[in-house]
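Right, one structure below, let's go through it.
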Amino acid sequence: MDICCLLRMYDNYGWKTSVPEWTALLSISTRYAFDKIRDRAISALAPTPYFSNTLDPVEMVVLAVKHDIPQWLEPAYVLICLREEPMEDGEGERLGIFTTIRLAKARERFWREQARMGENKDAETPGGLFGSAGLFGSVRSPCPRRARATQIVHEVFWPPSSNATDGAPR
Numbered sequence: 001m002d003i004c005c006l007l008r009m010y011d012n013y014g015w016k017t018s019v020p021e022w023t024a025l026l027s028i029s030t031r032y033a034f035d036k037i038r039d040r041a042i043s044a045l046a047p048t049p050y051f052s053n054t055l056d057p058v059e060m061v062v063l064a065v066k067h068d069i070p071q072w073l074e075p076a077y078v079l080i081c082l083r084e085e086p087m088e089d090g091e092g093e094r095l096g097i098f099t100t101i102r103l104a105k106a107r108e109r110f111w112r113e114q115a116r117m118g119e120n121k122d123a124e125t126p127g128g129l130f131g132s133a134g135l136f137g138s139v140r141s142p143c144p145r146r147a148r149a150t151q152i153v154h155e156v157f158w159p160p161s162s163n164a165t166d167g168a169p170r
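Going left to right, the sequence shown walks through residues 1 to 170 as full-length UniProt numbering numbers them.
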């Protein structure tokens, strides 16, 4: 039985594949250029827009770099910025000096702003409590903290003047 049949059986019978199993499939499928299996593993491990219930954000960055999945970088960086606890030494070692320093910059900017906003309760969102479009306007982000963290991550990792082609979202 080939691996594609096995994956179909998992899907058809509702069997659950664990995160370590998907990670192993991602590694093998990337190494041997099994594109369909790779796409399925990426999909199974992919973070959702508002949270990741499959992978730790540091692990997401490590896997994204190792297996060339640039679309995972932004959400992982944002999740790391949003968490309250600072990065641990081991996480910094896994991420590398360049990424760790940039994440530290982004986190510092984000949490400084959060502290300032805590001092001024009316500054929760640009334009007051309900945003610049009013109570029912569409300008207000559904999650202003996440939107601001995403903006800061873009400014730190992929500044507008940067000509880097590192697979970053633009």
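For glycine and all other residues, C-beta sits at the position ideal for the given N, C-alpha and C. Keep in mind that this is a model prediction, so the values were computed, not measured.
So for T17, helix, strand or coil by DSSP?
Reading the sequence shown from its first residue, position 17 is the one you call residue 17. It is coil, neither helix nor strand.
Which class does G134 belong to by DSSP, given the choice of helix, strand or coil?
One-based indexing of the sequence shown puts residue 134 at position 134. Model confidence at G134 stands at a pLDDT of 36, short of 50, so the residue's coordinates are unreliable and nothing is read from them.
Taking Cβ to Cβ, would you say I42 is nearer than 9 Å to L26?
What you label residue 42 is simply residue 42 of the sequence shown in a count that begins at 1. What you label residue 26 is simply residue 26 of the sequence shown in a count that begins at 1. The answer is yes: Cβ separation under 9 Å.
DSSP state of P47 mapped onto helix, strand, coil
Numbered from 1 along the sequence shown, position 47 holds the residue referred to as residue 47. P47 falls in the coil class under three-state DSSP.
CB P47 to CB P75, shorter than 9 Å?
Your numbering for residue 47 matches position 47 in the sequence shown. Your numbering for residue 75 matches position 75 in the sequence shown. Cβ distance < 9 Å, so P47 and P75 count as in contact.
G92 - DSSP class collapsed to helix/strand/coil:
Working through the sequence shown from its first residue, we reach residue 92 at position 92. In this structure, G92 counts as helix in the three-state DSSP scheme.
Can you tell me whether DSSP reads M87 as helix, strand or coil?
Here the question's residue 87 lines up with position 87 in the sequence shown. Reduced to three states, the DSSP call for M87 is coil.
Would C81 be called buried (16 or more neighbouring beta carbons within 10 Å of its own) or exposed?
Taking the first residue of the sequence shown as position 1, residue 81 is located at position 81. C81 should be labelled buried.
Alpha helix (DSSP H) segment containing H67, residue limits
Position 67 of the sequence shown, counted from the first residue, corresponds to residue 67. H67 -> no alpha helix (DSSP H), and no H or E assigned at all.
Cα-Cα separation between K105 and Q114, rounded to whole angstroms:
In the sequence shown, residue 105 corresponds to position 105, counting from 1. In the sequence shown, residue 114 corresponds to position 114, counting from 1. Approximately 14 Å, taken between the alpha carbons.
Can you tell me the Cβ-Cβ gap for V61 and T99, rounded? I've got them flagged as a contact below 8 Å.
For this step, residue 61 is matched to residue 61 along the sequence shown. For this step, residue 99 is matched to residue 99 along the sequence shown. Yes, V61 and T99 are in contact; Cβ-Cβ is about 7 Å, under 8 Å.
Quick check on DSSP: helix, strand or coil for T125?
The count along the sequence shown starts at 1 and reaches residue 125 at position 125. For T125, the predicted structure reports a pLDDT of 45, less than 50, and the residue's modelled location is therefore unreliable. The matter cannot be settled from this model.
Buried or exposed (CB count within 10 angstroms, at least 16 for buried), I152
Within the sequence shown, residue 152 is the residue found at index 152, counting from 1. By the 10 Å Cβ count, I152 comes out buried.
Under the three-state DSSP convention, the category L55 falls into:
As a working note, residue 55 is residue 55 in the sequence shown. Coil, per DSSP.
Exposure label - residue 256; buried when at least 16 CB within 10 Å:
As shown, the chain starts at 1 and ends at 170. That puts residue 256 outside it, with no answer to give.
I'd like to know whether the C-beta atoms of P57 and R83 end up nearer to each other than 9 Å.
Working through the sequence shown from its first residue, we reach residue 57 at position 57. Working through the sequence shown from its first residue, we reach residue 83 at position 83. Yes.
Best match in H154, F34, W72, R102 for proximity to L45 [C-alpha to C-alpha]:
Residue numbering aside, residue 45 sits at position 45 when the sequence shown is read from its first letter. The candidate whose alpha carbon is nearest that of L45 is W72.
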